[in-house]
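In this text, residue positions in the sequence shown follow my numbering: the first is 1436, and each later residue adds one.
Structure first, then comments.
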Amino acid sequence: EEAPQESASPETPGNAVKVSADKVFDYFREIASIPHGSGHTKAISDYLVSFAAERGLFAVQDEWNNVIITKDATEGCEDAPAIALQGHIDMVLASSDKSTDMLTEPVRIITDGDWMHADGTTLGADNGIAVAMMLAALDDDSIRHPLLECIFTADEEIGLVGASGIDLSELKSRRLLNLDNESEGVFCAGCAGGAEAVFEMPVNRKHKAGRCLTIRLSGLVGGHSGADIHLGRANANRLLVRALYRLYNTVPFRLAEISGGDADNAIPPHAFAKIQFPAAVDRNLIESTLNQVTGEMAEEFRATDPGMKWEPEWEAVSREHVITKRGTIHLLRFLMALPTGITHMSAEIAGFPQTSLNLGVIATEEKLVRAVFMVRSGVNSQGQYTLERLACLAEGFGADFTVRTSYPAWEFKENSPFRDLAVETYRKHTGKEPKVEVIHAGLECGVLSGKLPGLDCLSTGPSLENVHTVKERMSISSAKNVWNYVVALLGEAALTVE
């Protein structure tokens, strides 16, 4: 399928050339052909190094798979201060088909009118479109710009790992445009800090004979655990635990397995459990109880998750290695006690979440059950307090608790010359007034600015919907608009003098 064709754009301030977006979409498709899920970014990192070598550009690759590619200033623009573009090279892997191996298979892109989406998987526009725009900028000698440093960071989706490890000591830029925002015309100038918190509850198992019931929950909308947390969507892990707890209090059972979610930073849209009852259990009682509790939850979330689907299925009597009854109810009580969702709203910004946490993943192993959270807060002390509360729950229930990764909030700056330039360029280029905001999600700007005092950051990007889910999609026209804006901003940045 051919990439969308871009008509010539109007002349842009500081760039008197007409720059097509064709290369952006070409590179986006090329990126999609290289599997690049979080934790598996070596191939795409090596691709970036090869890209630079083929064009005679200077590139640095580190142990985290981060890559920085530098392009000299356009002739006549050498005196303008350097500028950096930045985005991350990893993507959240989610698929509606369990047979799809996203670690080895390319993303299959479908164009539908003004939208791009994938065939039953995440699209990876978060943040592949940023990578594509940076490559297109590096590959086009007609674009005027100062010294340009393109920063490609790895493993943003699993705790801003690459940004935390990257060495910026040689970076010349003190102006940085992050391309990981998801609403055209919106500039992000601050964000929440975050932490990945992990519980591990030890369990004891015994071989027992009985009749197993599998329960599958699917069809939930899911979404980003920061940007969408205020929408009140159902969390599949939370709903499944509620159903299991109600069932246990009707007829005790032994848990064989519980699992749900794909990533700590995604609201889980699906979950699964396998439980064992005595062989002679009253199946009608179990089914009526399950129908009642699932019906209640379907009614609660009818506005946000109308596609909620529960699928119980009985199995033949068999002998299974299951968690003891005592261990099962202890685990269920623990999971029921874990908070998820918004805990504090901002007192300064109406309707804006200040602190939240998301029970993104539940996984079962032979000797433990793991629960993984993403904790977010725009106030570092409140985020720390939330982690301390979780640690208390772990201690009270006898679970192990660790904080794997954390990053600070990116605090809004009243004085930002780069933001002023970006906003004024947007006005001149589009004739519209942009929105400047802070967001309840993690961006790498906070980590990067913490490493490099004086770094003036801003974030923008094209309109994306339902990121981190199989319904992720990107507006093609919006991607073109943002590309044209980036070209305009590079041109304006080339005209500034220190």
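We treat Cβ as the ideally placed atom computed from N, Cα and C, and that holds for glycine.
Closest by C-alpha distance to residue i, when choosing among the options
i            : options                : result
residue 1668 : 1861, 1855, 1743       : 1743
residue 1515 : 1571, 1609, 1537       : 1609
residue 1579 : 1607, 1751, 1547, 1506 : 1506
residue 1710 : 1732, 1749, 1741       : 1749
residue 1718 : 1576, 1752, 1741, 1705 : 1752
residue 1902 : 1528, 1479, 1543       : 1528
residue 1552 : 1534, 1478, 1460       : 1460
residue 1835 : 1803, 1645, 1842, 1862 : 1803
For residue j and residue i, the rounded distance between their alpha carbons
i            : j            : result
residue 1908 : residue 1649 : 32 Å
residue 1531 : residue 1840 : 28 Å
residue 1567 : residue 1823 : 40 Å
residue 1595 : residue 1929 : 30 Å
residue 1747 : residue 1687 : 17 Å
residue 1623 : residue 1654 : 31 Å
residue 1629 : residue 1685 : 39 Å
residue 1892 : residue 1550 : 29 Å
residue 1761 : residue 1767 : 10 Å
residue 1701 : residue 1466 : 22 Å
residue 1799 : residue 1806 : 9 Å
residue 1422 : residue 1725 : Since the first residue of the chain shown is 1436 and the last is 1933, residue 1422 is not available in this structure.
residue 1508 : residue 1576 : 10 Å
residue 1912 : residue 1703 : 30 Å
residue 1872 : residue 1854 : 12 Å
residue 1451 : residue 1926 : Note on residue 1451: pLDDT 48, under 50, position unreliable in the model; the coordinate value appears next. Their Cα atoms are separated by approximately 9 Å.
residue 1689 : residue 1756 : 10 Å
residue 1498 : residue 1764 : 44 Å
residue 1786 : residue 1875 : 11 Å
residue 1811 : residue 1473 : 19 Å
Residue j beta carbon less than 8 Å from that of residue i
i            : j            : result
residue 1777 : residue 1665 : yes
residue 1914 : residue 1897 : yes
residue 1537 : residue 1581 : no
residue 1771 : residue 1638 : no
residue 1571 : residue 1462 : yes
residue 1606 : residue 1584 : yes
residue 1642 : residue 1543 : no
residue 1652 : residue 1627 : no
residue 1603 : residue 1521 : no
residue 1625 : residue 1870 : no
residue 1775 : residue 1817 : no
residue 1661 : residue 1904 : no
As assigned by DSSP and simplified to three states, the class of residue i
i            : result
residue 1726 : helix
residue 1761 : helix
residue 1891 : strand
residue 1733 : helix
residue 1911 : helix
residue 1582 : coil
residue 1784 : coil
residue 1508 : coil
residue 1771 : helix
residue 1438 : In this prediction, residue 1438 has a pLDDT of 43, which is less than 50 and means its spatial position is unreliable; what the coordinates show is noted afterwards. Coil.
residue 1540 : coil
Touch check for the region 1557-1565 and the region 1631-1641: three-plus C-beta pairs under 8 Å?
no
Check whether the region 1476-1489 and the region 1499-1519 are in contact - that is, three or more C-beta pairs closer than 8 Å.
yes
Quick one: any contact between the region 1688-1704 and the region 1793-1808, if contact means 3 or more CB pairs under 8 Å?
yes
Take every Cβ of the region 1815-1831, pair it with every Cβ of the region 1731-1738, and state whether three or more of those distances are shorter than 8 Å.
no
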